[in-house]
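What follows is one structure encoded as structure tokens, with my remarks underneath.
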Amino acid sequence: MTAQPQITAQELSKASVVVQGLSAYEYILFDAEIDMANAEQKARYCPLLMAIGERQKQLAEEILSSWNSTDGMLAQLSKFPNQRYADSHEAIAELLRVQVTALDSLKKKLGTPLGRQSKGQPQPFQADAWRSKSSLSSLEASLISAETVWTGVDNKGLRSLLPAEQKPLADKIDAAYATSRKLLSELKPPLADLLATEAGRQQLNAFYDSLNAVHRLHEGELAKALGIQLGFNANDGD
Numbered sequence: 001m002t003a004q005p006q007i008t009a010q011e012l013s014k015a016s017v018v019v020q021g022l023s024a025y026e027y028i029l030f031d032a033e034i035d036m037a038n039a040e041q042k043a044r045y046c047p048l049l050m051a052i053g054e055r056q057k058q059l060a061e062e063i064l065s066s067w068n069s070t071d072g073m074l075a076q077l078s079k080f081p082n083q084r085y086a087d088s089h090e091a092i093a094e095l096l097r098v099q100v101t102a103l104d105s106l107k108k109k110l111g112t113p114l115g116r117q118s119k120g121q122p123q124p125f126q127a128d129a130w131r132s133k134s135s136l137s138s139l140e141a142s143l144i145s146a147e148t149v150w151t152g153v154d155n156k157g158l159r160s161l162l163p164a165e166q167k168p169l170a171d172k173i174d175a176a177y178a179t180s181r182k183l184l185s186e187l188k189p190p191l192a193d194l195l196a197t198e199a200g201r202q203q204l205n206a207f208y209d210s211l212n213a214v215h216r217l218h219e220g221e222l223a224k225a226l227g228i229q230l231g232f233n234a235n236d237g238d
């Protein structure tokens, strides 16, 4: 990235996904070694920032187009059989697998800097968006996305697939999300400051445990209620 900052969006598309993404954008804007107020560095890095922004715009447009196309993902989740799913149960199973994997990733976004994978030793520089001090905002966005898959737009999410007799389970998952949102709202950023104190780590651990509860409910009781066997997820082995 530092070797060739003068790059176009087309050239960037052939580079590592790390260079194409928001992590590279954050690095340029917030790393202590780069001063964008300096005219020379501004001239050096602004074209790269513009290329990254354009590349992200292209990717977003491609995803939206693919989703809305005649035989795109939206159609494949609506009419069966199709080239991807033999029936609706296959589609629901994949949606739940993706959701469970996403919730597992969400836990790890917090658990890694919190030290859950390193014998309790906090690792603040392993946090997502630590340079911009936006780690908690990133976690909030991921949690909101996960809950949206659960509730759905116009109440057409995974929750709506549960039969009436499973209302206690639906209520339990609703409550688990509400607990996570409440605990997150009580955290005062930045994440690094919370990791630096015992009281802050206790708050973060409580939030982590709430995310774990949401994850386990999807992985266990929800999967069972929907008659879905999940098997391994994309994070197994991490």
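In UniProt numbering, the protein residues as written are 1 to 238. Think of the CB as a built atom: it goes at the ideal place given N, C-alpha and C, for glycine as much as any other residue. As the structure is a prediction and not an experimental result, all values here were calculated from the model.
Task: Selection from Pro-113, Phe-30, Glu-33 and Ala-93 that minimises the alpha carbon distance to Gly-231 - done: By alpha-carbon distance to Gly-231, the top candidate from Pro-113, Phe-30, Glu-33 and Ala-93 is Ala-93.
Task: Simplified DSSP assignment, three categories, for Thr-101 - done: Taken through DSSP and simplified to helix, strand or coil, Thr-101 comes out as helix.
Open item on the list: Can you tell me where the alpha helix (DSSP H) holding Gly-130 begins and where it ends?
Closed with: The identity of residue 130 in the sequence shown is Trp, whereas the question assumes Gly. From DSSP, Trp-130 is part of no alpha helix (DSSP H); its letter is neither H nor E.
Task: First and last residue of the uninterrupted alpha helix (DSSP H) at Gly-53 - done: First-last of the alpha helix (DSSP H) with Gly-53: 39-68.
Open item on the list: Please tell me whether Ile-52 and Ala-32 are closer than 7 Å, where the distance is taken between their beta carbons.
Closed with: Not closer than 7 Å, so no.
Task: Straight-line Cα distance separating Met-73 from Asn-82 - done: The C-alpha of Met-73 is placed about 10 Å away from the C-alpha of Asn-82.
- [ ] Over the uninterrupted alpha helix (DSSP H) stretch that includes Asp-35, give me the two end residues.
- [x] Taken as a continuous stretch (DSSP letters only), Asp-35 belongs to no alpha helix (DSSP H), as it is neither H nor E.
Open item on the list: With distance defined between alpha-carbon atoms, name the residue in Leu-143, Thr-197 and Leu-226 nearest to Ser-185.
Closed with: Nearest C-alpha to Ser-185: Leu-143.
- [ ] Report yes or no: do three or more beta-carbon pairs, one from the region 95-105 and one from the region 223-230, lie closer than 8 Å?
- [x] Taking 8 Å as the limit for Cβ pairs, the verdict is that the region 223-230 does touch the region 95-105.
Open item on the list: Pop quiz: Ala-91 and Arg-55 are said to be a contact at Cβ under 8 Å. What is the actual Cβ separation, rounded to whole angstroms?
Closed with: That belief does not hold up - the Cβ atoms of Ala-91 and Arg-55 are roughly 30 Å apart, past 8 Å.
Task: C-alpha gap between Phe-125 and Leu-183, whole angstroms - done: In this structure, the CA atom of Phe-125 is about 22 Å from the CA atom of Leu-183.
Open item on the list: With H, G and I counted as helix, E and B as strand and the rest as coil, what does DSSP make of Thr-112?
Closed with: Correct three-state label for Thr-112: helix.
Task: Buried or exposed (CB count within 10 angstroms, at least 16 for buried), Val-19 - done: Buried.
TODO: Compute the distance between the beta-carbons of Leu-139 and Lys-107, then report whether it is under 7 Å.
DONE: No; because the gap between Cβ atoms is not below 7 Å, this pair is not in contact.
Task: Leu-29 versus Ala-127: straight-line alpha-carbon distance, rounded - done: Cα to Cα, the separation comes out at about 17 Å.
TODO: For Leu-12, I'd like the list of residues in its chain whose CB is within less than 6 Å of its CB, leaving aside the five on either flank, ordered along the chain.
DONE: Only Gln-20, Ala-51 and Arg-55 meet the Cβ criterion.
TODO: Return the residue from the list His-218, Leu-194 and Leu-49 that minimises the CA-CA distance to Gln-123.
DONE: In terms of Cα proximity to Gln-123, the closest of His-218, Leu-194 and Leu-49 is Leu-194.
- [ ] Please check the pair Leu-187 and Leu-136, which I expect to be a contact at CB under 8 Å, by giving their CB distance rounded to whole angstroms.
- [x] Indeed they touch by this definition, with Cβ atoms about 6 Å apart.
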